[in-house]
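Going line by line, the protein sequences match chains E and A.
As numbered in the numbering used here, residues 295 to 443 make up the first sequence, in order.
As numbered in the numbering used here, residues 295 to 443 make up the second sequence, in order.
Structure first, then comments.
There are 2 protein chains.
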Amino acid sequence: MSNKYESIQLKNQICFPLYAASNMITRKYKPFLDELDLTYTQYIAMMVLWEKVQANEKLLCEALCLKSNTVTPLLKKLQDKGYIEKKKDKGDERNLVITLTKAGKELRDKALRVPECMAKEVHITAEEAEVLYRILYKIIDDERMIPYD
Amino acid sequence: MSNKYESIQLKNQICFPLYAASNMITRKYKPFLDELDLTYTQYIAMMVLWEKVQANEKLLCEALCLKSNTVTPLLKKLQDKGYIEKKKDKGDERNLVITLTKAGKELRDKALRVPECMAKEVHITAEEAEVLYRILYKIIDDERMIPYD
DNA sequence: ACATATTATATCGCGTGCGATATAGTATTA
DNA sequence: TAATACTATATCGCACGCGATATAATATGT
């Protein structure tokens with residue numbers, strides 16, 4: 295049974311279920327997020343903005359573990375939808391001060407529905423969710439604060 | 295401390311670490327997969343083909359939890375790179391029989407290096423990997439064999 | 001047999017995600 | 001203060017990943 299190629303069998307990868315589950319969850323969000331006129335990535339960006347009230351692009355990149363080449367067009371779309379505004383920081387003109395519009399702030403209450411709906415879609419126990427959460431953050435945090443390079 | 299909006303704080307989502315960790319892992323694979331001239335998605339597709347030897351597009355879609363609109367162009371790229379060949383099935387002309395070329399078969403041995411390199415990149419214990427694996431597959435399998443609709 | 005349904009694959013348009021690179025503004029340092 | 005380094009944001013091109021839809025081949029039902 296044991297063979298040379300076991301290590302590159304799909305069923306022996308940890309990366310694949312991570313990838314597949316992530317795709318699946320994003321797909322499940324879609325119908326609920328459609329009602330807010332948000333994509334999944336736009337939704338998690340709005341989460342950060344709802345909490346911070348004011349932010350810049352760098353903060354968003356770090357919070358979402360994304361690069362500027364993903365976040366720049368994302369912010370453009372949120373602006374086009376009328377949820378955010380971008381201004382240059384008076385103190386440091388490189389900085390992009392991002393603020394929520396009235397519509398952007400109002401969206402927060404509508405969004406409260408989303409986690410309720412999603413809870414019914416993903417069938418894992420509270421304990422499993424906690425364990426999952428802890429291990430995933432171990433992977434993320436390990437990478438986030440890379441000291442070398 | 296407890297507020298109305300806790301449920302839509304980024305730190306309280308299970309979807310986000312899943313999404314971020316998946317992105318990160320894919321990013322970590324890149325330098326190793328570059329040596330095989332494969333992207334991450336092409337890599338997991340090749341894993342299936344190395345095992346099955348012969349397959350069709352539908353089988354790949356199911357194995358990778360992807361839709362034909364992702365897999366069709368993927369296969370075109372693998373064909374352009376000379377790793378696979380596509381022919382119509384004589385018995386059922388709708389079927390696309392996918393076979394590995396010589397180069398595609400040879401790539402398998404080069405790929406053995408990849409999991410070794412990746413093991414050094416992701417710092418979780420064997421137990422954590424096992425738990426993660428089990429929970430993620432619970433999410434995936436729950437979705438895969440959806441009976442209604 | 002023939003209209004209808006089903007199946008496998010393909011196409012279209014959009015929004016990511018990324019590495020690489022460019023640009024503009026600020027800080028540093030000689 | 002003038003060259004240099006650094007920082008925040010933006011641009012480019014490529015490869016997904018998706019819902020919606022199209023097309024061609026096979027299966028089904030009357």
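Where is the CB? At the ideal position from N, CA and C, for every residue including glycine.
Cβ-Cβ distance between residue i and residue j below 7 Å
i        : j        : result
E:Leu426 : A:Ile429 : yes
A:Leu401 : A:Glu351 : no
A:Asp436 : E:His417 : yes
A:Ser316 : E:Ser316 : yes
E:Leu368 : E:Ala339 : yes
E:Ala423 : A:Ile308 : yes
A:Lys381 : A:Leu330 : no
E:Cys355 : E:Val347 : no
E:Leu372 : E:Gln336 : yes
A:Ala349 : A:Ile392 : yes
Residue i, DSSP secondary structure in three states
i        : result
A:Thr333 : coil
A:Tyr442 : With a pLDDT of 38 at A:Tyr442, under the threshold of 50, the predicted position of this residue should be treated as unreliable, though the coordinate-derived value follows. It is coil, neither helix nor strand.
E:Thr320 : helix
E:Glu379 : strand
E:Ile338 : helix
E:Asp454 : Residue 454 of chain E cannot be examined here, being either before or after the span of chain E that is shown, 295 to 443.
E:Ser296 : coil
E:Val416 : coil
E:Asp386 : coil
A:Cys359 : coil
A:Leu312 : helix
A:Gln401 : Note on identity: in this sequence residue 401 of chain A is Leu, with Gln being the wrong assignment. Helix.
E:Leu406 : coil
Beta-bridge pairing of residue i - partner residues as DSSP gives them
i        : result
A:Lys432 : Partner(s): none; A:Lys432 has no beta bridge.
A:Lys305 : Partner(s): none; A:Lys305 has no beta bridge.
E:Val391 : E:Lys381
A:Ala349 : A:Ile392
Quiz prompt | Selection of the stretch 308-330 of chain E by Cβ proximity to chain A, strictly under 9 Å | solution = For the stretch 308-330 of chain E, which is checked against every Cβ of chain A, the residues closer than 9 Å are Ile308, Cys309, Phe310, Pro311, Leu312, Tyr313, Ala314, Ala315, Ser316, Asn317, Met318, Ile319, Thr320, Arg321, Lys322 and Tyr323.
TODO: State whether the stretch 324-338 of chain A contacts the stretch 393-413 of chain A, with contact taken as three or more CB pairs (one from each stretch) at a distance under 8 Å.
DONE: As far as the Cβ criterion goes, the stretch 324-338 of chain A touches the stretch 393-413 of chain A, which means the pair count is three or higher.
Requested in this report: Pair every Cβ in the stretch 309-320 of chain A with every Cβ in the stretch 304-322 of chain E, then say whether three or more of these pairs are closer than 8 Å.
Outcome: Yes: the two stretches touch, three or more of their Cβ pairs being nearer than 8 Å.
Would the stretch 386-401 of chain E and the stretch 363-378 of chain E be scored as touching if the rule is three or more Cβ pairs under 8 Å?
Between the stretch 386-401 of chain E and the stretch 363-378 of chain E there are three or more inter-stretch CB-CB distances shorter than 8 Å, so the stretches are counted as touching.
Cβ-based contacts, 8 Å cut-off: residues of the stretch 389-414 of chain E near chain A:
For the stretch 389-414 of chain E, the set of positions with a beta-carbon nearer than 8 Å to some beta-carbon of chain A reads Arg402, Ala405, Leu406, Val408, Pro409, Glu410 and Met412 in chain order.
For the stretch 330-357 of chain A, list every residue whose C-beta sits within 8 Å of some C-beta in chain E, in sequence order. Here the close residues are Tyr334, Ile338, Met341, Val342, Trp344, Glu345 and Ala357.
- Message: Any C-beta of chain A within less than 8 Å: which residues of the stretch 415-441 of chain E qualify?
- Response: With the criterion set as a beta carbon lying under 8 Å from some beta carbon of chain A, the members of the stretch 415-441 of chain E are Val416, His417, Ile418, Glu422, Ala423, Val425, Leu426, Tyr427, Ile429, Leu430, Tyr431, Lys432, Ile433, Ile434, Asp436 and Glu437, in sequence order.
- Name the residues in the stretch 368-380 of chain A whose C-beta lies less than 7 Å from a C-beta of chain E; which are they? From the stretch 368-380 of chain A, no residue has a Cβ closer than 7 Å to chain E.
Contact set between the stretch 296-307 of chain A and chain E, restricted to residues whose Cβ is under 7 Å from the partner: In summary, the residues of the stretch 296-307 of chain A whose CB is separated from some CB of chain E by less than 7 Å are Tyr299, Ser301, Ile302, Gln303 and Leu304, in the order they occur in the chain.
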